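Note that full-length UniProt numbering numbers the sequence shown so that position 299 is 299, with each residue one more than the last.
Even glycine gets a Cβ: it sits at the ideal position worked out from N, Cα and C.
Remember, it's a predicted structure, so these values are computed and weren't measured experimentally.
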Amino acid sequence: MLNMITKDEIRKDSSLKYHFGSKHLKITHLFFADDLIMLCHGGTKYVQTIKKALDKFNAISSLYLNLGKCIMFCRSLDDETKKDICNIFPFIECKLSMRCCEPHLCKGLKKLEALNINCCDCITDVDMKPISELTHLKELQISCSKVTDHGVTFLKGLHKLALLNMKRCPITSACLDSLSDLVGLHYLNVSRSNFTDKGCDKLSKLKSLKVLNMGFNDISDAVLAHLKGLTNLESLYLDPCMIKDGGLMYLSILANLVNLESLNPSFTVITDGGLQRLAKLSSLKSLNLDVRKSLMLFLQLLQGFATVLAVLKPERLKADKAQNE
Numbered sequence: 001m002l003n004m005i006t007k008d009e010i011r012k013d014s015s016l017k018y019h020f021g022s023k024h025l026k027i028t029h030l031f032f033a034d035d036l037i038m039l040c041h042g043g044t045k046y047v048q049t050i051k052k053a054l055d056k057f058n059a060i061s062s063l064y065l066n067l068g069k070c071i072m073f074c075r076s077l078d079d080e081t082k083k084d085i086c087n088i089f090p091f092i093e094c095k096l097s098m099r100c101c102e103p104h105l106c107k108g109l110k111k112l113e114a115l116n117i118n119c120c121d122c123i124t125d126v127d128m129k130p131i132s133e134l135t136h137l138k139e140l141q142i143s144c145s146k147v148t149d150h151g152v153t154f155l156k157g158l159h160k161l162a163l164l165n166m167k168r169c170p171i172t173s174a175c176l177d178s179l180s181d182l183v184g185l186h187y188l189n190v191s192r193s194n195f196t197d198k199g200c201d202k203l204s205k206l207k208s209l210k211v212l213n214m215g216f217n218d219i220s221d222a223v224l225a226h227l228k229g230l231t232n233l234e235s236l237y238l239d240p241c242m243i244k245d246g247g248l249m250y251l252s253i254l255a256n257l258v259n260l261e262s263l264n265p266s267f268t269v270i271t272d273g274g275l276q277r278l279a280k281l282s283s284l285k286s287l288n289l290d291v292r293k294s295l296m297l298f299l300q301l302l303q304g305f306a307t308v309l310a311v312l313k314p315e316r317l318k319a320d321k322a323q324n325e
């Protein structure tokens, strides 16, 4: 009966809007009878219409709302509109507590191009299955989630993926088996995960990579040998991995990394002597060398790099100056 009365009131005003995304279905509102849950357009005019319908229903049925037990949840409403609604219905506004993201709810969003569910530690491998159906996805951010190598296997078919952020995920270098076919991947962040040298040879297949962040992983010099074919690489983050002077030897012979502009080997075990191997990386513009033994010596070695920006700690630089005076 309440539904019929509400429909009748809505027909009297053609300006009332349909329920979100339901215009083609002619749905103006939804009622669930168990606890009388009402879903409607969040506007004062619509709420006033609902109020009229409820008043008529009360008069006919002698059933009344217990306003002391009524609450409301709002989506995308400004404070002024919420205040106006509360003047019509003195409801208490509450926040809906739900799982931070239900990826299966995205299944119908076939044209979705970007999905950010960073820091959702409730996201696991099972949630990757519905995401695998979003074939237009270009950006996926799942950092700090519980996705493992198995979950990454579901991403094989996302061939339009250009950005993938898996920072702080419990993944290993074995997940590169699943990612190696994503030839359009430009940005990959696997920092603070469980990467080791084993399996990193698959990096050589990601030839479109522009940014690679492998910081805070248990990797060594051997990984750098697999970067030879990444000629589009612009930024490389290796802090603070077990990269030694031998690792820079690999970089120095990779003269085809002509686009490498940013390199961060800070807090590695590279010595100042080993830094001489960087001389062939003439495209460098940004170099983070925090905590070096002799910064002044390094700066002398890089006199030919007019565009290099050395990111150093000021107090460390002062100490080196004093030592060399």
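Met-128 (DSSP reduced to helix, strand or coil): Within the sequence shown, the letter at position 128 stands for residue 128. Residue state, collapsed to three classes: helix.
Sort out for me which residues DSSP pairs Val-211 with in a bridge. Reading the sequence shown from its first residue, position 211 is the one you call residue 211. Val-211 pairs with Tyr-187, Ser-235.
Beta-carbon within less than 8 Å of Cys-144's beta-carbon, same chain only, minus the 5 sequence neighbours each way: which residues are those? Translated into positions along the sequence shown, residue 144 becomes position 144. Here the set comprises Asn-118, Cys-119, Cys-120, Asp-121, Lys-167, Arg-168, Cys-169.
Where Glu-93 falls: helix, strand or coil (DSSP): Here residue 93 refers to the residue found at position 93 when the sequence shown is read from its first residue. Here Glu-93 sits in strand by DSSP.
Going by beta carbon distance, what residues of the same chain come within less than 6 Å of Gly-199, once the five residues before and after it are set aside? For the purposes of this step, residue 199 is taken as the residue at position 199 of the sequence shown. For Gly-199, same chain residues with a beta-carbon under 6 Å away, outside a window of 5 residues either side, are Ser-173, Ala-174, Leu-176 in chain order.
So which of Ile-131, Leu-2, Leu-209 has the shortest CA-CA distance to Leu-260? Looking up residue 260 in the sequence shown gives position 260. The shortest C-alpha separation from Leu-260 is found at Leu-209.
Look at the alpha carbon of Gln-48 and the alpha carbon of Met-4, and state the distance between them as a whole number of angstroms. Reading the sequence shown from its first residue, position 48 is the one you call residue 48. Reading the sequence shown from its first residue, position 4 is the one you call residue 4. Rounded to whole angstroms, Gln-48 to Met-4 spans 16 Å at the Cα level.
Ile-88 beta carbon less than 7 Å from that of Lys-52: By 1-based counting over the sequence shown, the position of residue 52 is 52. By 1-based counting over the sequence shown, the position of residue 88 is 88. For Lys-52 and Ile-88, no; Cβs fall outside 7 Å.
Can you say whether Ile-71 is buried or exposed, counting buried as having 16 or more other CB atoms within 10 angstroms of its CB? Residue 71 sits at position 71 when you count from the first residue of the sequence shown. Exposed is the call here.
Length of the line joining the Cα atoms of Gly-43 and Ser-220: Translated into positions along the sequence shown, residue 43 becomes position 43. Translated into positions along the sequence shown, residue 220 becomes position 220. Cα to Cα, Gly-43 sits roughly 60 Å from Ser-220.
With DSSP run on the structure shown, which of helix, strand or coil describes Ile-5? Locating residue 5 in the sequence shown gives position 5, where the first residue counts as 1. If DSSP states are grouped into helix, strand and coil, Ile-5 belongs with the helices.
Candidates Leu-155, Asp-218, Leu-284, of which the one nearest Asp-239 by Cα: Numbered from 1 along the sequence shown, position 239 holds the residue referred to as residue 239. Ranking the options by Cα distance to Asp-239, first place goes to Asp-218.
Hey, out of Ser-193, Leu-63, Lys-205, Leu-281, whose CA is closest to Ser-235's CA? Indexing the sequence shown from 1 puts residue 235 at position 235. Minimum Cα distance to Ser-235 is reached at Leu-281.
Find the nearest neighbour of Ala-222 within the set Thr-81, His-136, Leu-257, Leu-203, judged by alpha-carbon distance. By one-based count along the sequence shown, residue 222 stands at place 222. Minimum Cα distance to Ala-222 is reached at Leu-203.
Can Leu-188 and Leu-158 be called in contact, C-beta distance under 7 Å? To locate residue 188, count along the sequence shown from 1; it is residue 188. To locate residue 158, count along the sequence shown from 1; it is residue 158. Result no, Cβ atoms of Leu-188 and Leu-158 do not sit closer than 7 Å.
Once you ignore the five residues that flank Lys-156 on each side, which residues in its own chain have a CB closer than 7 Å to its CB? Position 156 of the sequence shown, counted from the start, is the residue given in the question as residue 156. Here the set comprises Ser-178, Asp-181.
Among Thr-231, Val-183, Lys-205, Ile-142, whose alpha-carbon lies nearest the alpha-carbon of Leu-257? On the sequence shown, residue 257 is found 257 positions in, with the first residue counted as 1. The residue with the shortest Cα to Cα distance from Leu-257 is Thr-231.
Excluding the 5 residues flanking Met-98 on each side, which residues of the same chain have their C-beta closer than 8 Å to its C-beta? Taking the first residue of the sequence shown as position 1, residue 98 is located at position 98. Note that Met-98 has pLDDT 40, beneath the 50 cutoff, so the model's placement of it is unreliable and no number is given.
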